[in-house]
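Right, one structure below, let's go through it.
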Amino acid sequence: MMRAEVRDRIRKGVEDDSPRRPRTLSKSNPALVLHVDMDAFFAAIEERDNPSLKGKPVVVGGPKGSRGVVTTANYVAREYGVHAGMSIAEVERRCPDAIHVSTKGGKYSWVSVQLMAILRRYSPVVEPYSIDEAFLDATGCSHLFGGPEAYANQIKQAIHSELNLTASVGIGPSRIVAKMASGLEKPDGLTYVKPEDVGRIFGPMTVRTIPGVGPSTEISLNKLNIYTIDDLAQAPMSMLQKFMGKHGRDLAETIKGKSGAEIIAMEERAEDKSMGHEHTFHVDVTDLDMLLSRLLYLSEKATRRMRKAGYVGRVVTLKLRTHDFRTYDHQRKLDEWTDDPLKVYELAHELLNDLWRPGDKPIRLIGVSVSGLVRPDEHHGVQHNLFTAATHERRTRLLHAVDQMKDQYGEKVLGMAASLESLRKGW
Amino acid sequence: MQYEDIQDKIEMIALFRDGRIRPLKFRWKERVYRVERVNGEWVSDEGQTRFYHYSVMTTGPDVYELTYNSDSRGWLLNRVCLVG
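Chains R and D supply the protein sequences, listed in that same order.
Taking numbering that gives the first Met the number 0, I'd label the letters of the first sequence as residues 0 to 426.
Taking numbering that gives the first Met the number 0, I'd label the letters of the second sequence as residues 0 to 83.
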């Protein structure tokens, strides 16, 4: 079957199912969600690109001997107890023979773009959930490929043949069920959980295994004598509503497959809420100038992203992590919306003065982010009087020129001199 | 197994077809290497310059990372992973 023909058939299949949201569930046309989850994505790409790594414990993240953490560990390394987020020092204790590969974000992003392009050939409604995961609305599509399992198998085969990588796929009546299903048979798994099987398969599992249920929700559920997914499914809605509000009721409904099937296509997703960057120093820092230099660099990076995406923002948040792994953040509102790195930096500098003084605990990590993002217009711009308008105009032109230079020659071509200190020292 | 940064300019015979580039054979240090297998490929941008990266193997187990610079239209051997 030609690709265009397949796309056409998929489109027609989905059009028959309109309106897509809110979905009307019926026995004849129940919602069907696919969750595609790449297996140990970063490590798998490194193994693909260097086959001699196969069969050996591979850790993608900070280099050996560094203060970084694991981004992804392959399945061999996981047998030694290595997992994402673990410090490199701990990896060296648990798995001294692990091969450490530095994270190559650009490479993984590129493969992710290719992955999403493959998925969009199989459903017009694809919601990327992270760099290596996506939900597909398969309600109107799967029958075109011979049923849900055949459909999922074709997607898996396309990923394997075009990217030389494996994915695990979960199929279910809701996002949560599909996501839990994809984790059941990793790697390279395929699990189809029909609505009538949800209780049998997931019922005995603890509520903590439900994606999105963290420690505090678990405690709230436990207080209601709800420990397993079965308990949740059988709990009276009125009780969940009374003690946990909408969140409790939504959890129960989605686990029963009565809601939670809505997939939001990438082009329909909500706008970004914040943009920021953070940096872990190679050595704990006690020097204020070094912190300020890095803060300026991070402010430049954050506002550059905002300008590229066409946002101005108003709330600046500073994040600090001290050497003993205590994390602090502090935020404040600017007088006006901005995308100017100096304005963000000046406020972040004030926030730093509030949180930290030379002589305080050494700093391990520093980050800055801008939230309250909006598209600039007459309501979200800057009101200038006669005296500040000319300065603002010059500043805007300067930033525009800097952006043009960076667009043409790359991000490293220009930067504020004061931000170079921490980069030069390589901290 | 160890990686070695090389960053040498190389001569390349490649196939440009259907919007894709496939490296076929390259000359490095007066020796010609035939590309037997492309393990993976990815793209990165620096300003307006696009770089096409390839992880390839020749006749042995070593892995070569090659890059095509769309601006200079030149090829680079970035690094080699010596397995043998």
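Heads up, the beta-carbon is just placed ideally off N, CA and C, and yes, glycines get one too.
On a predicted model such as this, the values are computed, not experimentally measured, just so you know.
Counterpart residues of residue i in DSSP-defined beta bridges
i	result
Met11 (chain D)	D:Phe25
His329 (chain R)	R:Leu317
Trp74 (chain D)	D:Ile9 and D:Tyr67
Leu81 (chain D)	D:Gln1
Ile20 (chain D)	D:Phe15
Leu189 (chain R)	R:Val168
Thr70 (chain R)	DSSP lists no partner for Thr70 (chain R).
Val401 (chain R)	DSSP, once it has assigned bridges, lists no residue as partnering Val401 (chain R).
Tyr32 (chain D)	D:Phe25
Assigned secondary structure, residue i (DSSP; H/G/I helix, E/B strand, else coil)
i	result
Gln240 (chain R)	helix
Leu413 (chain R)	coil
Glu14 (chain R)	Residue placement at Glu14 (chain R) is flagged as unreliable, the pLDDT there being 40, under the threshold of 50; a coordinate-derived value is accordingly withheld.
His52 (chain D)	strand
Ile209 (chain R)	coil
Ser418 (chain R)	helix
Ile170 (chain R)	strand
Leu223 (chain R)	coil
Val5 (chain R)	With a pLDDT of 36 at Val5 (chain R), under the threshold of 50, the modelled position of this residue cannot be trusted; read the value that follows with caution. Correct three-state label for Val5 (chain R): helix.
Gln407 (chain R)	helix
Asp36 (chain R)	strand
Pro60 (chain D)	coil
Ser160 (chain R)	helix
Asp334 (chain R)	strand
Lys26 (chain R)	Model confidence at Lys26 (chain R) stands at a pLDDT of 48, short of 50, so the residue's coordinates are unreliable and nothing is read from them.
Glu261 (chain R)	coil
Glu184 (chain R)	coil
Pro50 (chain R)	helix
Arg248 (chain R)	helix
Arg436 (chain R)	Because chain R spans 0 through 426 in this model, residue 436 (chain R) falls outside it and cannot be assessed.
Val81 (chain R)	coil
Lys155 (chain R)	helix
Extent of the continuous beta strand (DSSP E) to which residue i belongs
i	result
Ser43 (chain D)	Arg36 to Glu45
Asp376 (chain R)	Here Asp376 (chain R) belongs to no beta strand (DSSP E), and DSSP marks it neither H nor E.
Val58 (chain R)	Val57 to Gly60
Ile98 (chain R)	Ile98 to Ser101
Pro127 (chain R)	Val125 to Ser129
Ala280 (chain R)	Here the sequence assigns Phe to residue 280 (chain R), which means Ala is not the residue at that position. Its beta strand (DSSP E) spans residues Ser273 to Val284.
Leu364 (chain R)	Ile362 to Ser370
Val311 (chain R)	Note, Val311 (chain R): premise wrong, no beta strand (DSSP E); not H, not E.
Where residue i meets chain D, residues with beta-carbon distance less than 7 Å
i	result
Val110 (chain R)	Trp41
Ile44 (chain R)	Gly39
Chain R contact residues for residue i, given Cβ-Cβ distances below 8 Å
i	result
Gln47 (chain D)	Asp406, Gln407 and Tyr408
Extent of the continuous alpha helix (DSSP H) run through residue i
i	result
Lys299 (chain R)	Sequence check: residue 299 (chain R) is Glu here, not Lys. Here the alpha helix (DSSP H) through Glu299 (chain R) covers Leu287 to Ala308.
Glu132 (chain R)	First-last for Glu132 (chain R): Glu132 to Asp136, but that is the beta strand (DSSP E), not the alpha helix (DSSP H).
Ser108 (chain R)	Gly104 to Tyr121
Ala76 (chain R)	Tyr74 to Arg77
Arg93 (chain R)	Ile87 to Arg93
Leu231 (chain R)	Ile228 to Gln233
Arg199 (chain R)	Val197 to Phe201
Val343 (chain R)	Pro340 to Leu354
Interface residues of chain R facing residue i [CB-CB closer than 7 Å]
i	result
Ser54 (chain D)	Asp48 and Asn49
Val82 (chain D)	Ser51
Neighbour list for residue i in chain R, Cβ cutoff strictly below 9 Å
i	result
Pro60 (chain D)	Pro50 and Ser51
Assumed close pair residue i, residue j - CB separation to whole angstroms, cut-off 8 Å
i	j	result
Val124 (chain R)	Ile262 (chain R)	5 Å
Val68 (chain R)	Met85 (chain R)	6 Å
Tyr150 (chain R)	Ala137 (chain R)	6 Å
Met11 (chain D)	Arg36 (chain D)	Actually they are not in contact, since the Cβ atoms of Met11 (chain D) and Arg36 (chain D) sit about 16 Å apart, beyond 8 Å.
Met179 (chain R)	Pro210 (chain R)	7 Å
Thr253 (chain R)	Ile170 (chain R)	The Cβ separation is near 15 Å, so there is no contact.
Asp131 (chain R)	Ser54 (chain D)	The pair is not a contact, with the Cβ atoms about 19 Å apart (cut-off 8 Å).
Val343 (chain R)	Val373 (chain R)	In fact, because the Cβ distance is near 15 Å, the residues do not count as touching under 8 Å.
Under 8 Å by beta carbon: chain D residues contacting residue i
i	result
Val412 (chain R)	Gly46
Lys106 (chain R)	Trp41, Ser43 and His52
Asn163 (chain R)	Asn38 and Gly39
Where residue i meets chain D, residues with beta-carbon distance less than 9 Å
i	result
Asn73 (chain R)	Near Asn73 (chain R) there are no residues of chain D at all, since even the closest Cβ is about 15 Å away, more than 9 Å.
Residue i CB to nearest heavy atom of the ligand NAD below 7 Å
i	result
Ala180 (chain R)	This structure lacks the ligand NAD, and indeed carries no ligand of any kind.
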